[in-house]
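K.L.:
With this note's numbering applied, the sequence shown corresponds to residues 2 to 609, in that order.
Note that beta-carbon positions come from the ideal geometry of N, C-alpha and C, so glycine has one too.
Submitted below is the structure of interest, expressed as structure tokens.
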Amino acid sequence: MLGSIKRLLIGRPLKSYELGEQKLNKTKALAILSSDALSSVAYGPEQILIVLITIGATAFWYSIPIAIGVLILLSALILSYRQIIFAYPNGGGAYMVSKSNLGVTPGLIAGGSLLVDYILTVAVSVSAGTDAITSAFPALHGYNAEISIAFVFLLTVLNLRGVTESASILAYPVYLFVLALFILIGVGIYNILTGNVPSELHTPIGTPVAGISLFIILKAFASGSSALTGVEAISNAIPNFKKPAPNNAAKTLVMMGALLAVLFAGIVTLAYFYGITPKAEVTVVSQIAEGVFGRNFMYFFIQVTTALILILAANTGYSAFPLLAVNLAKDKFVPRMFLIRGDRLGYSNGIIILGLASILLILVFNAKTEHLIPLYAVGVFLPFTLSQSGMMVKWLREKPKGWVPKFIINTIGAVISFIVTMVFFITKFSQIWSILIFLPIIVFIFYKINKHYLAVGDQLRLTTSEPPLTIQGNVMIVPIAGMTHVVENTLNYVKSLKPEQIIAVYVSFEREEEKVFEAKWNKWQPEIRLVTLHSYYRSIINPLRKFVDTIEHKAKEGNYQVTVVIPQFIPKKGWHNILHNQSSLLIRTFLLYRRNVVITTVPYHLKK
């Protein structure tokens, strides 16, 4: 039943040699890996206006120079990450750059920030997409969280079906969004140039504004820089590209940067000339579309495509999170389960964990985009700063041919990214303070996991000086609950192994019951020693545990191995298990961690 549902949702298993077919070409990669960055134009310009409105609508003209600053930062990041793609063609992005050039701890800070950031990518994108839907259909405002969770579930299932299949399905809405915004920007600018937009809607550029300060401008710049989230995703996901992967990834990155620059500049320009003021329940893009087209087909087309790309932007997280987790797992900083490919050759454990964590965030923040974006943005710019700084160190250390221009590009990117990060901490500390707590905790967990894996490897390696265990014989203990075919089957198995001694152990709750049981046992299995343990508190586990410890202590003196052989019947149908008390499972769980005791189970399969 479960297998049939799984096949229906994610499709047939793929053979390992089909992995090459799961690589992305530039067209599909641009849609899947750029959807986060492209979608951020739907809320990045709005974040600038939200800061400026605290001074007044007359300050909106500052959005133009602030947008130019954001585009300068975008150019520096695109050029820098293009260099990172060729320098680190196996992916890993900021994590690999920081670890290689700045040290393990900075690398883990970047890696931990990005893991959290990709979870936030899913939560923010889906929440923002839901906002776009509820802007067009206000009656749905009360169901934002439920709608967001439904979309996360759908995206998780799509990504479990494989990279290529999900890309084939999700590419169309991304390109429809780009087309819709190009139409919106084109028609909007045409209206402005032909004088169809009243000049009184906006304050002329250069108008003096009372109360404006460098602090406000930097705060607005930092908020607008949230439109650059997702720029690093391509450098993390290089292994997903068809060969030659670095070349294809670099070209895709440049195309993404160009599209993002045009769309961001266009939305900021239209918002300024149309005099758009940010509102709680209507997005800036929704207001622009209504101002340009009215509330007609084109308005709803833009709203639907905006909602779709905001939701599908989460797919950037689904593409990059598992691959970053793979790099961390290879270095033994996260569980090895992230290295395992699923039935459809994707890293399904990473996809599932990402989906569950995103749903948790949506529930905690009740799908409120404005509460998630600051935490999301600072989680991006911290790795930006570290990766740029790492590349600076790399060029200074290696000094390859033509390294000076590359060093200058990374220096500009590092300085601006650092300024943005600091502005976020200063201006939005009440919203992002939690990163100062959970990020050190994440790095601490990384180190604890790494320490565990190193310790395990050291103990399992054959070259270690661990003395070999000498076993003279076996003492086998069989816990029994009665005289049944299950017990008989287990005893026959134990006898076939010819151990030094077999001890059947029966735990009773009544004294009279002990004598009756012993008499029956002596007639049924007279050659096997029976030990009855009386339990005053109706517990099977405690008396059995104490008895096993006693036998193990005595057996250890003579180099004998104690083995507890547990009889267990297996019902014909899985749901029948809930009808039984699972004593064998409890016994195995409690005894499994006894250092010198071997636990084995002998199953007896029921036929009806």
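Relative to the C-alpha of ALA308, which residue among TYR63, PHE408, THR284, VAL98 is closest?
P.N.:
Minimum Cα distance to ALA308 is reached at THR284.
K.L.:
When you compare only the Cα positions, how much space is there between SER17 and LYS24?
P.N.:
Confidence is the limiting factor: at SER17 the pLDDT is only 44, short of 50, which leaves the residue's position unreliable, though a coordinate-based value still follows. Their backbone Cα atoms lie some 13 Å apart in a straight line.
K.L.:
Would you identify the three-state DSSP class for THR531, choosing helix, strand or coil?
P.N.:
With the sequence shown as reference, residue 531 is identified as Leu, and Thr is not the correct amino acid for it. Three-state result, LEU531: strand.
K.L.:
Secondary structure at THR306, three-state DSSP: helix, strand or coil?
P.N.:
THR306 falls in the helix class under three-state DSSP.
K.L.:
For TYR594, I'd like the list of residues in its chain whose CB is within less than 6 Å of its CB, leaving aside the five on either flank, ordered along the chain.
P.N.:
None.
K.L.:
Any contact of the region 498 to 518 with the region 531 to 545, i.e. 3+ C-beta pairs under 8 Å?
P.N.:
Taking 8 Å as the limit for Cβ pairs, the verdict is that the region 531 to 545 does touch the region 498 to 518.
K.L.:
In whole angstroms, what separates the C-alpha of ASN328 from that of ILE436?
P.N.:
Going by the C-alpha atoms only, they are around 22 Å apart.
K.L.:
Assuming TYR448 is part of the alpha helix (DSSP H), what are its boundary residues?
P.N.:
It spans 436 to 461 - the alpha helix (DSSP H) in which TYR448 sits, taken as one unbroken run.
K.L.:
Answer yes if the region 345 to 359 comes into contact with the region 393 to 402, meaning at least three C-beta pairs across the two stretches below 8 Å, and no otherwise.
P.N.:
The region 393 to 402 vs the region 345 to 359: no contact.
K.L.:
For LEU607, which of ASN578, ILE588, ARG589, THR590 has the nearest alpha-carbon?
P.N.:
Among ASN578, ILE588, ARG589, THR590, the Cα nearest to that of LEU607 is on ASN578.
K.L.:
Is LEU383 near ALA234, with beta carbons less than 7 Å apart?
P.N.:
Not in contact: LEU383 and ALA234 (Cβ atoms no closer than 7 Å).
K.L.:
Beta-carbon within less than 7 Å of SER40's beta-carbon, same chain only, minus the 5 sequence neighbours each way: which residues are those?
P.N.:
So the qualifying residues of the chain are SER126, ILE310, LEU311, ALA314.
K.L.:
The alpha helix (DSSP H) with VAL488 in it runs from where to where?
P.N.:
Element bounds for VAL488: 486 to 497.
K.L.:
Going by DSSP, what residue range makes up the alpha helix (DSSP H) through ASN543?
P.N.:
Residues 542 to 558.
K.L.:
Go through its chain and collect everything with a Cβ distance to THR412's Cβ below 7 Å, but skip five positions before and after it.
P.N.:
Contacts found: MET393.
K.L.:
Starting from the Cα of ALA482, find the closest Cα among VAL198, THR491, ARG83 and give me that residue.
P.N.:
ALA482 has its Cα closest to that of THR491, out of VAL198, THR491, ARG83.
K.L.:
Give the DSSP-derived three-state secondary structure of SER509 in the structure shown.
P.N.:
SER509: strand per DSSP, three-state reduction.
K.L.:
Given that a residue counts as buried once 16 or more other Cβ atoms are within 10 Å of its Cβ, and exposed if not, what is VAL457?
P.N.:
Counting Cβ neighbours within 10 Å, VAL457 comes out exposed, since fewer than 16 surround it.
K.L.:
Excluding the 5 residues preceding and the 5 following GLY196 in the sequence, name in chain order all residues of the same chain whose CB lies nearer than 7 Å to its CB.
P.N.:
Result list for GLY196: empty, nothing under 7 Å.
K.L.:
Quick check on the burial criterion: 16 or more other C-beta atoms within 10 angstroms. Buried or exposed for ASN493?
P.N.:
When all chains shown are included, ASN493 counts as exposed.
K.L.:
With the cut-off set at 7 Å, would you say PRO480 and LEU545 are in Cβ contact?
P.N.:
Contact flag set, yes.
K.L.:
Measuring CB to CB, does LYS27 end up less than 7 Å from ASN237?
P.N.:
Against a cut-off of 7 Å, the Cβ pair of ASN237 and LYS27 comes out as no contact.
K.L.:
Check whether the region 117 to 132 and the region 295 to 302 touch, using three or more Cβ-Cβ pairs below 8 Å as the test.
P.N.:
No, they do not touch.
K.L.:
Starting from the C-beta of ALA181, find all residues in its chain whose C-beta is less than 7 Å away, skip the five residues before and the five after it, and write them out in chain order.
P.N.:
The answer, listed in chain order, is PHE302, ILE303, THR306.
K.L.:
How many Å lie between ALA246 and LEU324 at the Cα?
P.N.:
Approximately 15 Å, taken between the alpha carbons.
K.L.:
Tell me where the alpha helix (DSSP H) around VAL286 begins and ends.
P.N.:
It spans 285 to 294 - the alpha helix (DSSP H) in which VAL286 sits, taken as one unbroken run.
K.L.:
Mind checking which residues open and close the beta strand (DSSP E) that includes ASN102?
P.N.:
Unbroken run through ASN102 is the alpha helix (DSSP H), 94 to 102; no beta strand (DSSP E).
K.L.:
For ARG539 and PHE510, which I take to be in contact (beta-carbon distance under 8 Å), what is that distance rounded to the nearest angstrom?
P.N.:
5 Å between Cβ atoms; contact.
K.L.:
Tell me the rounded alpha-carbon separation between VAL263 and PHE430.
P.N.:
For VAL263 and PHE430, the distance between alpha carbons rounds to 31 Å.
K.L.:
Assuming PRO240 contacts ASN91 under a Cβ cut-off of 8 Å, what Cβ separation, rounded to an integer in Å, is found between them?
P.N.:
That pair is a contact at about 7 Å.
K.L.:
Which same chain residues, not among the five before or five after LEU254, have their C-beta less than 7 Å away from its C-beta?
P.N.:
The residues are ILE79, TYR82, ARG83, ILE86, ILE235.
K.L.:
For ASN316, tell me which candidate among LYS402, TYR191, LEU171 has the shortest Cα-Cα distance.
P.N.:
Residue LEU171 is the option with its Cα nearest to ASN316.
K.L.:
By how many angstroms is the C-alpha of ALA321 removed from the C-alpha of SER388?
P.N.:
Going by the C-alpha atoms only, they are around 16 Å apart.
K.L.:
Mapping DSSP to helix, strand and coil, what is ILE54?
P.N.:
In the structure shown, ILE54 sits in coil (DSSP, three-state: anything other than H, G, I, E or B).
K.L.:
In terms of DSSP beta bridges, what is GLY474 paired with?
P.N.:
Answer by DSSP bridge pairing, in chain order: TYR561.
K.L.:
With distance defined between alpha-carbon atoms, name the residue in ILE277, ALA415, LEU156 nearest to TYR319.
P.N.:
For the residues ILE277, ALA415, LEU156, the minimum Cα distance to TYR319 belongs to LEU156.
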